[in-house]
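Peer 1: Sequence order for the protein chains is A and B.
Just so you know, the numbering used here puts 14 at position 14 of the first sequence, and the rest follows in order with no gaps.
Going from the second sequence to the numbering used here is simple: count from 1 and add 221.
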Amino acid sequence: MSPDPAAHHHPALAHHFADLEQQKEAAALGMWLFLVTEVLFFGGLFTVYSVYRSWYPEAFAAASHEMVVWAGTTNTVVLITSSLTMALAVRAAQVGERRVVMWFLAATMLLGLAFLGIKAFEYYTEFAEHHVPGPGFAFEPAYARHAQIFFSLYFVMTGLHALHMLIGLGLMAVMFHWVWRGTITREYSSPIEISGLYWHFVDIVWIFLFPLLYLIGRHAH
Amino acid sequence: MASSLLLPPRHYLNDGYGIKSWLLTRDHKRIALLYLAAVTFFFFVGGAMAVVIRLELATPVGDLVSDETYNKLFTMHGVMMVFFFLIPAIPSVLGNFLVPIMIGAKDLAFPKLNLASWYIYIVGGLFTLYALVTGGVDTGWTFYTPFSTVSSTTNVIPTALGIFITGFSSILTGLNFIVTIHRMRAPGMTWFRMPLFLWSTYATSLINVLGTPVIAITVLLVAAERVFHFGFFDPKVGGDPVLFQHLFWFYSHPAVYIMVLPAMGVISELVAAFCRKQVYGYSFVAFASIAIAVLGFLVWGHHMFVAGESVYAAMVFSILSFLVAVPSAVKVFNWTATMYKGAISWQTPMLYAIGFIGLFTIGGLTGLFLAAIGVDVHVTDTYFIVAHFHYIMVGGTIMGYLGGLHYWWPKISGRLYNEWLAKIAAAIIFVGFNLTFFPQFIVGYLGMPRRYHAYPPEFQLLNVLSSAGASILGVGYLIPMVYLMWSLRYGRVAGSNPFGASGLEWTTTSPPPTENFSEIPTVTEDAYTYPVRVEGHVA
Chain A
1 MSPDPAAHHH PALAHHFADL EQQKEAAALG MWLFLVTEVL FFGGLFTVYS VYRSWYPEAF
61 AAASHEMVVW AGTTNTVVLI TSSLTMALAV RAAQVGERRV VMWFLAATML LGLAFLGIKA
121 FEYYTEFAEH HVPGPGFAFE PAYARHAQIF FSLYFVMTGL HALHMLIGLG LMAVMFHWVW
181 RGTITREYSS PIEISGLYWH FVDIVWIFLF PLLYLIGRHA H
Chain B
222 MASSLLLPPR HYLNDGYGIK SWLLTRDHKR IALLYLAAVT FFFFVGGAMA VVIRLELATP
282 VGDLVSDETY NKLFTMHGVM MVFFFLIPAI PSVLGNFLVP IMIGAKDLAF PKLNLASWYI
342 YIVGGLFTLY ALVTGGVDTG WTFYTPFSTV SSTTNVIPTA LGIFITGFSS ILTGLNFIVT
402 IHRMRAPGMT WFRMPLFLWS TYATSLINVL GTPVIAITVL LVAAERVFHF GFFDPKVGGD
462 PVLFQHLFWF YSHPAVYIMV LPAMGVISEL VAAFCRKQVY GYSFVAFASI AIAVLGFLVW
522 GHHMFVAGES VYAAMVFSIL SFLVAVPSAV KVFNWTATMY KGAISWQTPM LYAIGFIGLF
582 TIGGLTGLFL AAIGVDVHVT DTYFIVAHFH YIMVGGTIMG YLGGLHYWWP KISGRLYNEW
642 LAKIAAAIIF VGFNLTFFPQ FIVGYLGMPR RYHAYPPEFQ LLNVLSSAGA SILGVGYLIP
702 MVYLMWSLRY GRVAGSNPFG ASGLEWTTTS PPPTENFSEI PTVTEDAYTY PVRVEGHVA
């Protein structure tokens, strides 16, 4: 299939593929399909959110008003920047600039860590203000019941997103190691590209979470 | 020539010995056998609970087990059978073994992920077994809220986690199959030359990939509500229990097609092989699989006709549910048309295929009763429902599974089982199955509710018939265990194609070599091009 005979004997080629091209296409399709499952996974949460948002708009607006909006905004900027560094890492890997790849991967990881740090600060704030649902929950009495649903959704949605960030950081660390030890070359850069797909996906989830949780209806209250 | 037949010198079963060569294998055929062992174990655990349930129901009074224990028994029976046997059985055992061979590939696209899927399945199974031995769970396999989140005091969390974890095994197996079918086909193996088993496996994988994540997030929300007192479905904070039902059935109705579509694929293979004919209307059967997968996602609301769903929503769901009958009927008619004027040989797998067609037709037609809102309201939560879904899941899926297991057993093991015993067992299973579940249609229509350990005395006769049938069915399931195991050592050597069947799997040795083929085949003809010469012993 591939015109390049060397592609049939590349050390990264698994025994059951004919050539690197087929292996790369399989891996890319696999990651895209995995991202489809992720869309459905978060889709369940977005469905629950949509139902309750339409049922209890005032309580959701009031609860949304309690979000630390500067933290959420900063985090949005941080994540979009990390997508840029990730894209640059992919590009550098494709042209075989090993040191540049490592720099951009490191930058991506640092931005990811910054995101998680800010998120932890926000969680601490919510905790201190008794916004964690359950017996200790405290809120304006008029909205106290339905605001619990908002905060339940907030913690599960951002919590699962943060978990995906952690997994992404682990993935980036593995990629960094692979570049460092020379597994990733110009001919075999697909692991970086595929990890990049995952990283961008996790960013996009946040791009939806941010307006839904922080912005919509915020000034109505 | 027949008596001097020997197993090939090198094959996947003798390529490495010892426990490590199995537990760390990446060979899809060995992983299929790991699954075979695991799903068989869970089948008998779930079956043991069915035995106690049917013993209890032999008498009208609740005398064998307490009502709490009974609740746990039917719950764990459902959880074990649905999530740990019916959903994985055909894809993970037969699919794993056959998908790469049928398309002429050396392995699935992601062999390591395939092994990981098995371990994920085992971890999920251990969580559920832990829930079982430390007291069980009593919510029903459906986990309806708020009972599962607020009221139940049993092991909801470990069971939910078990289902959550096992779900990833389905997702990753489905993903692996889809990528493999897209990217690994041998030269000349076009989509419309693929065996129909692959079309149905592909359709099943689509449901696995699109549906399973939704049940994953749903049980996670149930767990969060139980552990952290978060509010999603709790009416106390304004949550809606019916929303849970929507999310649950968005996966769990398509899950029924995860169970039955692979069995339909097996039946297409069996009917073609034992009628020695091209399957009538190949492309219709292929697209019917895809149509069932798509329509299956649009009918979940028929589980909520009595749960306060709006009349208009119920009408739409009712019409869409009727529509699923169209592709299902296409399959049944096309199998029948294939048999018409075919040179049918009545070997064991064909008996299962005939059994499947009959039982699936009854299960499917009673499904139409239930799609009609008026009838459904009358029989909701009665034994009519229980009988209906057992006709699909047990009469359909297990018939397909056993038929497929018998058909490909000579390929998997290289040896032939005892044909006479196998035919007897198939007949016992068919009789036992119908005696178990047909009386349940009647007793359900008469109004006996499901999920109670006691019932009015006038229902006893039908329940005794059902329990008697269950004991026959139980014996029927044990017999293949015995002769299949026996055949592994003492069975006659099969040869590469004992049935004279078409398909790439019959062109390689039995058992196949680790890399499946000595060289990658090139496909030049359509699936089911007959006649094909028998190679080896005539089964």
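The C-beta atom is built at its ideal place from N, Cα and C for all residues, glycine as well.
As the structure is a prediction and not an experimental result, all values here were calculated from the model.
Quick one, which of A:M109, A:I194, A:V36, A:I80 has its alpha-carbon nearest A:M172's?
Peer 2: Nearest option by C-alpha distance: A:M109.
Peer 1: Does any residue of chain A have a CB that is nearer than 9 Å to the CB of B:V430?
Peer 2: Answer yes: the Cβ-Cβ gap between B:V430 and chain A drops below 9 Å somewhere.
Peer 1: Could you check which residue in A:W103, A:G112, A:L40, A:L153 has the C-alpha nearest to that of A:Y214?
Peer 2: A:Y214 has its Cα closest to that of A:L153, out of A:W103, A:G112, A:L40, A:L153.
Peer 1: What does B:N718 pair with, by DSSP beta-bridge criteria?
Peer 2: DSSP, once it has assigned bridges, lists B:E756 as partnering B:N718.
Peer 1: Which whole runs of the alpha helix (DSSP H) in the stretch 175-219 of chain A are 4 residues long or more, in chain order?
Peer 2: The qualifying runs are 190-210.
Peer 1: Which full runs of the alpha helix (DSSP H) of 4+ residues lie inside the stretch 670-738 of chain B, going along the chain?
Peer 2: Within the stretch 670-738 of chain B, the complete alpha helix (DSSP H) runs of at least 4 residues are 681-711.
Peer 1: At which residues does the alpha helix (DSSP H) containing A:M86 begin and terminate?
Peer 2: 69-94 is the extent of the alpha helix (DSSP H) around A:M86.
Peer 1: For the alpha helix (DSSP H) holding B:V345, just list the boundary residues, first then last.
Peer 2: Looking at the sequence provided, one finds Gly at residue 345 of chain B rather than Val. Looking at the DSSP string, the run of the alpha helix (DSSP H) that includes B:G345 is 332-354.
Peer 1: Let me confirm a value: A:R181 is counted as buried when at least 16 other C-beta atoms fall within 10 Å, else exposed. Which label applies?
Peer 2: Exposed, by the Cβ-count rule.
Peer 1: Name the one or two DSSP bridge partners that B:T603 has.
Peer 2: According to DSSP, B:T603 bridges with B:P670.
Peer 1: What are the partner residues of B:R636, as DSSP defines its beta bridges?
Peer 2: Partner(s): B:V714.
Peer 1: Write down the C-beta distance between B:V400 and B:T380 rounded to the nearest angstrom, noting that I regard them as a contact closer than 8 Å.
Peer 2: At roughly 31 Å, the Cβ-Cβ gap does not stay under 8 Å, so B:V400 and B:T380 are not in contact.
Peer 1: What does a CB cutoff of less than 7 Å around A:S189 pick up in its chain, not counting 5 residues either side in sequence?
Peer 2: Excluding positions up to five away in sequence, the list reads A93, Q94.
Peer 1: How would you call A:W70, buried or exposed, if buried means at least 16 neighbouring beta carbons within 10 angstroms?
Peer 2: The residue in question, A:W70, is exposed, as its Cβ has fewer than 16 Cβ neighbours within 10 Å.
Peer 1: For A:T81, I'd like the list of residues in its chain whose CB is within less than 8 Å of its CB, leaving aside the five on either flank, ordered along the chain.
Peer 2: Taken in chain order, the residues that qualify are L111.
Peer 1: Indicate whether the contact test is met: 3 or more Cβ pairs, each with one atom in the stretch 633-648 of chain B and one in the stretch 700-713 of chain B, closer than 8 Å.
Peer 2: Yes: the two stretches touch, three or more of their Cβ pairs being nearer than 8 Å.
Peer 1: For chain A, find out if any of its Cβ atoms is closer than 9 Å to the Cβ of B:M405; answer yes or no.
Peer 2: So, interface residue.
Peer 1: Once the 5 residues before and after B:P570 are set aside, which same chain residues still bring their CB inside 7 Å of it?
Peer 2: Once the five neighbours on either side are set aside, the close Cβ partners of B:P570 are L491, F495, G624, H627, Y628.
Peer 1: Apply the 10 Å Cβ neighbour rule to B:D284 and answer buried if 16 or more other Cβ atoms are within range, or exposed otherwise.
Peer 2: Per the 10 Å Cβ criterion, exposed.
Peer 1: Give the residues from the stretch 35-59 of chain A that approach chain B closer than 9 Å (Cβ to any Cβ), ordered along the chain.
Peer 2: Listed by position along the chain: V36, T37, E38, V39, L40, F41, F42, G43, G44, L45, T47, V48, V51, Y52, W55, Y56, A59.
Peer 1: Go ahead and label B:F364 buried or exposed: buried means 16 or more other beta carbons lie within 10 angstroms of its beta carbon, across all protein chains shown.
Peer 2: Classification for B:F364: buried.
Peer 1: Please list, in chain order, the chain A residues whose beta carbon lies closer than 7 Å to that of B:G460.
Peer 2: Chain A residues near B:G460: I149.
Peer 1: So what's B:P570 in DSSP terms, helix, strand or just coil?
Peer 2: Of the three classes helix, strand and coil, the one that applies to B:P570 here is helix, per DSSP.
Peer 1: Note down, in chain order, each residue of its chain lying with its Cβ closer than 8 Å to the Cβ of B:I578, except the 5 sequence neighbours on either side.
Peer 2: Answer for B:I578: I488, V553, W556, T557, listed in chain order.
Peer 1: What's the call for B:M297, buried or exposed, on a 16-neighbour Cβ count within 10 Å?
Peer 2: Buried.
Peer 1: On the criterion of 16 or more Cβ atoms from any shown chain inside 10 Å, does B:A535 qualify as buried, or is it exposed?
Peer 2: With 16 or more other Cβ atoms within 10 Å, it is buried.
Peer 1: Check whether the stretch 155-170 of chain A and the stretch 194-206 of chain A are in contact - that is, three or more C-beta pairs closer than 8 Å.
Peer 2: The answer is yes - the stretch 194-206 of chain A touches the stretch 155-170 of chain A, with three or more Cβ pairs under 8 Å.
Peer 1: I believe B:Y612 touches B:G584 by the beta-carbon criterion, under 8 Å. Please report the beta-carbon distance rounded to the nearest angstrom.
Peer 2: Between B:G584 and B:Y612 the Cβ distance is about 3 Å, and since that is below 8 Å, they are a contact.
Peer 1: Helix, strand or coil, according to DSSP, for A:Y56 in the structure here?
Peer 2: Correct three-state label for A:Y56: coil.
Peer 1: Contact check, B:L589 vs B:F543 under 8 Å by CB: the rounded distance?
Peer 2: Contact holds; Cβ gap of about 6 Å.
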